[in-house]
Amino acid sequence: MRIAIVDDERQDCATLSEMLAERLSQTAFIDVYDSGNHFLDSEVHYDLVFLDIVMDGLDGIETARRLRERDMGCLIVFLTSSSEYAWDAFPVHPFDYLLKPIDKARLARVLDEAERAVQRRERTLSLKVGRQVELVNVSAVSYVNARDHYVYHQRGILRLHD
């Protein structure tokens, strides 16, 4: 899963990054942005974005609105220290809303739900291994090298049958 944290408060970014690293597998990638503009300029596709609502410059809701113009599938979790912005966030279809300071148990539930949602829409590869067919999530593939009916990957060699 590819995750972005967009927050202009360094300590909040560091805290959330640590919480995510504790909870997620090594296949998760986490990028941190200090503003909505820097995030939007990156043009990277993310599965999940943690987006602070109150930021200097471009606020989180406007950042989300612009993100939705190019990516309706990304899951957005708004972060804020005040629940007064919840109604303003609905038009951009957020996945969830977390109040700061972030509660670990609440974050764990949000991540579980997000992982299920991402897995349901994730593309898979169908590989024939021996007499069985295995489905592999595209995001789990680091590299593949095919040569002479064999596929070499980080865990060993798979024999491809005609």
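Going by my numbering, the first residue of the sequence shown is number 21, and it counts up by one from there.
Backbone N, C-alpha and C fix where the C-beta goes; we use that ideal spot for every residue, glycine too.
On a predicted model such as this, the values are computed, not experimentally measured, just so you know.
Check                                                                                                                                                               : Outcome
Pull up the DSSP beta-bridge partners for Gln31, would you.                                                                                                         : According to DSSP, Gln31 bridges with nothing at all.
Among the candidates Phe70, Phe49, Ser45, whose CA atom is the shortest distance from the CA of Ile25?                                                              : Phe70
Roughly how many angstroms lie between the CA atoms of Arg151 and Glu38, to the nearest whole one?                                                                  : 42 Å
Rounded to whole angstroms, what is the Cα-Cα separation between Val161 and Leu78?                                                                                  : 35 Å
Excluding the 5 residues flanking Asp108 on each side, which residues of the same chain have their C-beta closer than 6 Å to its C-beta?                            : Ile81
Look at the alpha carbon of Leu199 and the alpha carbon of Val138, and state the distance between them as a whole number of angstroms.                              : What the structure shows of the chain is the stretch from 21 to 182, and residue 199 is not part of that stretch, so it cannot be assessed.
Have a look at Asp67, Ala48, Ile23 and flag the residue whose alpha-carbon is nearest the alpha-carbon of Arg141.                                                   : Asp67
Figure out for me which residue from Ala84, Glu63, Leu95, Thr35 has the closest Cα to the Cα of Arg136.                                                             : Leu95
Would you call the region 96 to 103 in contact with the region 117 to 125, where contact means no fewer than 3 C-beta pairs closer than 8 Å?                        : yes
So Asp72 and Asp27 are supposed to be a Cβ contact under 8 Å. How far apart are they, rounded?                                                                      : 4 Å
Which runs of the beta strand (DSSP E) fall wholly inside the region 83 to 150 and span at least 3 residues, in chain order?                                        : 95 to 100, 116 to 119, 144 to 149
Among Thr83, Ala128, Arg85, which residue has its Cα nearest to the Cα of Glu42?                                                                                    : Ala128
Just list the residues that DSSP pairs Glu154 with in beta bridges.                                                                                                 : Leu147
Do Thr35 and Phe59 have their CB atoms nearer than 8 Å?                                                                                                             : no
Spatial neighbours of Met92 within its chain, please: CB distance less than 8 Å, with the 5 preceding and 5 following residues excluded, ordered by chain position. : His113
Between Val153 and Leu147, is the Cβ-Cβ spacing less than 8 Å?                                                                                                      : yes
Have a look at Ser45, Gln31, Glu89, Met21 and flag the residue whose alpha-carbon is nearest the alpha-carbon of Ile122.                                            : Gln31
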